[in-house]
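Report on the structure given below.
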RNA sequence: GGGCGAGUAGCUCAGUGGCUAGAGCGUCCGCCUUACACGCGGGAGGUCACAGGUUCAAGUCCUGUCUCGCCCACCA
């Protein structure tokens, strides 16, 4: 279809419909050429600094709605501050994402019929670097399409040379302080990744399981053997091979008799003699009130074992297979195979009392969703006691503020119940532990925790570090408040002596319209790049901003992006009208407002100027308060209903009247320009494109550095 | 088990004690009115989850109940 082109002003032609495809690429190039994404190039004296660090996306994956939402938020903040005359830095980068990235490359290998062990460590790491070079920056490239104004010259990667140095420095600092220690502990273990995981790296999945009631024969000393049993209930019969006790609640009268005489239990299948003990951790109401204790493969049992000095017998290996210390017929079986066989064997012995259906939540690896095993393993830990206290104090004293405030609770809850941080991982991709003879790597989050200062050059004392630390706002999702935010806070204080950011904005999570999680594998995800293609980047951004409220979730409706697109078109056409009317007007940028203030005004003039003033104030405040949805609504209502519906209509007759003609034209132009400035952080492309075409003298090179309206 | 959030039009949501409760999308009717049919004008559509209470006044504040969602916790 042919586009109608109307000649509107000074030979400038605007099509009837706004077409983002003709604008976005070229406008982004204009911004890059201006150099103003880099704070060092910004014009004028800018004493105040405003810094945002992009939460580094993993080098795996591609852009999803969460990234798009968060990038929109940060770009709105940074563009407004830049226009307000601040020296603004938005620093981008990517995270090496240890397990996640290694998994992606391992999947590739699997297609070639190979495992990481076939390749060996050196070659695997090489493959991952190749992969990173090829795909690692996809998300950053996609963010450019969204219009983000990051300083690309400062782009960081968590395994850059300098970043590696920072990680090493931090580790050794803690090590020298005696806060890092090695210990044999029962840890969360992913048998697929073959690595330990921290508690925060677990996810939980509902599982339809069984609860098995098993007879454990009792042997009482100095009395004739009677056919007495204790019945224990368990969801994991295979772990019984490693049982070292049976525990009951101290108050449980049912089992009192077993403590009167020296009594022990003969563990079925193993024929091992194990004690019966009392512990408060046992809930008398669950199952039979008697619980088998497998310290090597259960965290609670491990706690009990420490208290009662019970031995650990590990029967499951690193790959989730039964070890050599179990009876021959179970050796080498997977956990599930062993479970089936053990239940069969117990049945033969008449030891199974009953089997109940039982639904429960089981932990899975957050990266590959494999069921977690608990097993004893030698790992490195970071003592959390002092660091947690420091992190808590910073928020209590208001040095870091959460928006919305209620998320402080998530933070405190975790820190109040914290355990030492298991920082070693048995994967190959990551920062090596900088001690002699150590082959493990560090938890990915150990390096992510340093993002606010390692990106600025620390441990070197750089100019950037001095100027841009601490940052002002961290915008992030609630699921990494503890995994990442808390750890950045204590790291920042420990190494910089100051919190890494003043405000934490916890943005909503984007769900599907029906409230499901957006997930590629479920096919419920919406690709923001498709939205940009179909509706344009500005429409996508505006539609997203529109939906940002204090709620924890956004049920994403494409309707809002449609609305954004229509709004773009409205802005475009209002511009066509204004330019048609103001073609011959000669005004200087800086004089526009002044000449209006000094003139006689009609009631319609006064009304629109007053409404504009109100809009400026409320939008400015709403952005400051992270109320992006409200700001978007205010702008929409003002522009569409006050300016277009009312003032533009009135202006048609005011322009016919010679007395009000000139004044009306100036007001049209003034309101349009001011609206463009206010809209720019939300819709940078269309506003910049229009600004470039406006019939005003002495304009700035780009709208991006125009002064924010007061 | 503990905590947090939500429940308002067909759908997704605004509504920060005070006119007749609003928007976007959808829907119905009429308009190519010279900025815009991605538009303009008009209409239908709501017991504001439920039950009490406070107040001159409650969608909004308080108490309780129900439903949904999220987070945390060692229920085997």
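In this note's numbering, the protein residues as written are 885 to 1594.
Here a beta-carbon is modelled for each residue, glycine too, at the ideal position from N, C-alpha and C.
Remember, predicted model here, so these are calculated numbers, not experimental data.
Next item on the list: Would you kindly work out how many angstroms separate the C-alpha atoms of residue 887 and residue 1048, rounded to a whole number?
Entry: Model confidence at residue 887 stands at a pLDDT of 39, short of 50, so the residue's coordinates are unreliable; what they give is reported in the following sentence. The straight-line gap from Cα to Cα measures roughly 54 Å.
Margin query: Measuring straight from C-alpha to C-alpha, what distance separates residue 1060 and residue 952?
Written below: Between the alpha carbons of residue 1060 and residue 952 lies a distance of about 42 Å.
Item checked: Simplified DSSP assignment, three categories, for residue 1583 -> Assignment of residue 1583 by DSSP, reduced to helix, strand and coil, places it in the coil class.
Check: Could you give the C-beta distance for residue 949 and residue 1410, rounded to a whole number, given that I count them as a contact under 8 Å?
Finding: 6 Å
Next item on the list: Please go through the same chain and pick out, in chain order, the residues whose beta-carbon is closer than 8 Å to the beta-carbon of residue 1244, but skip the five residues on each side of it.
Entry: 1090, 1091, 1093, 1119
Next item on the list: Counting only the same chain and skipping the five closest in sequence on each side, list residues whose C-beta sits under 7 Å from that of residue 1063.
Entry: 1266, 1267
Notebook entry, point to check: Under a three-way DSSP split, which group does residue 1359 fall into?
Noted result: In this structure, residue 1359 counts as strand in the three-state DSSP scheme.
Next item on the list: Starting from the C-beta of residue 1539, find all residues in its chain whose C-beta is less than 8 Å away, skip the five residues before and the five after it, and write them out in chain order.
Entry: 1465, 1545, 1548, 1549
Checklist line | Coarse secondary structure for residue 903, derived from DSSP in three states | finding: coil
Check: For residue 1264, which beta-bridge partners are listed by DSSP?
Finding: 1066
Note to self: Quick check on the burial criterion: 16 or more other C-beta atoms within 10 angstroms. Buried or exposed for residue 1211?
What the structure shows: exposed
Note to self: If I measure Cβ to Cβ from residue 1375 and keep anything under 6 Å in the same chain, skipping five residues before and after, which residues do I get?
What the structure shows: Around residue 1375: 1333, 1334.
Check: Are the CB atoms of residue 1000 and residue 1010 nearer to each other than 8 Å?
Finding: no
Item checked: Opening and closing residue of the beta strand (DSSP E) in which residue 1088 lies -> Where residue 1088 is concerned, the enclosing beta strand (DSSP E) stretches over 1086-1104.
Next item on the list: Report the residue from 1081, 1181, 1330, 1238 whose alpha carbon sits nearest the alpha carbon of residue 1056.
Entry: 1330
Next item on the list: Report all residues from its chain with a CB closer than 7 Å to the CB of residue 1426; omit the five preceding and five following residues, and keep chain order.
Entry: 1448, 1451, 1516, 1566, 1567
Note to self: Do residue 1160 and residue 1130 count as a contact pair if the criterion is CB distance below 8 Å?
What the structure shows: yes
Margin query: For residue 1229, tell me which candidate among 1556, 934, 1213 has the shortest Cα-Cα distance.
Written below: 1213
Check: Is the stretch 1345-1352 touching the stretch 1016-1025, taking contact as three or more C-beta pairs under 8 Å?
Finding: The stretch 1345-1352 makes no contact with the stretch 1016-1025, as fewer than three CB pairs between them are under 8 Å.
Check: Whole-angstrom Cβ separation of residue 1184 and residue 1196, contact assumed at under 8 Å?
Finding: The pair is not a contact, with the Cβ atoms about 14 Å apart (cut-off 8 Å).
Check: Could you give the residue range of the beta strand (DSSP E) that holds residue 1241?
Finding: 1236-1249
Notebook entry, point to check: Taking Cβ to Cβ, would you say residue 1519 is nearer than 8 Å to residue 1562?
Noted result: yes
Next item on the list: Taking only the alpha-carbon atoms, compute the straight-line gap between residue 1113 and residue 1247 and give it to the nearest angstrom.
Entry: 32 Å
Check: What residues match up with residue 942 in a beta bridge as DSSP calls it?
Finding: 979
Next item on the list: Return the residue from the list 1414, 1263, 1299, 1269 that minimises the CA-CA distance to residue 1280.
Entry: Nearest of 1414, 1263, 1299, 1269 to residue 1280, Cα basis: 1299.
Notebook entry, point to check: Name the DSSP bridge partner or partners of residue 1024?
Noted result: Paired residues: none, contrary to the question.
Checklist line | Residues of its chain near residue 1367, where Cβ-Cβ distance is below 7 Å and the 5 sequence neighbours each way are ignored | finding: Correct list, in chain order: 1084, 1329.
Item checked: Between the CA atoms of residue 934 and residue 1586 - distance to the nearest angstrom -> In a straight line, the C-alpha of residue 1586 is about 20 Å away from that of residue 934.
Next item on the list: Report the three-state DSSP secondary structure of residue 1043 (helix, strand or coil).
Entry: For residue 1043, the secondary structure class from DSSP, reduced to helix, strand or coil, is coil.
Note to self: For residue 1215 and residue 1208, what's the separation of their Cα atoms in angstroms?
What the structure shows: Between the alpha carbons of residue 1215 and residue 1208 lies a gap of roughly 6 Å.
Item checked: 8 Å Cβ shell around residue 970 - same chain, five flanking residues per side excluded -> 930, 932, 933, 934
Next item on the list: Tell whether a beta-carbon distance below 8 Å holds between residue 840 and residue 1203.
Entry: The structure shown has nothing for residue 840, since the chain only spans 885 to 1594.
Checklist line | Supposed contact pair residue 1167 and residue 1133 - C-beta distance, whole angstroms, cut 8 Å | finding: 7 Å
Notebook entry, point to check: By Cβ distance, which residues of its chain are closer than 7 Å to residue 1102, with the 5 residues on each side in sequence left out?
Noted result: Its chain contains 1112, 1113, 1114, 1142, 1147, 1149 as the residues whose beta carbon lies nearer than 7 Å to that of residue 1102, once the 5 sequence neighbours on both sides are disregarded; these appear in chain order.
Next item on the list: Could you say if the stretch 905-919 and the stretch 956-966 meet the contact criterion of at least three C-beta pairs nearer than 8 Å?
Entry: no
Next item on the list: Buried or exposed for residue 1088, please, with buried defined as at least 16 other CB atoms from any protein chain shown within 10 angstroms of its CB.
Entry: When all chains shown are included, residue 1088 counts as exposed.
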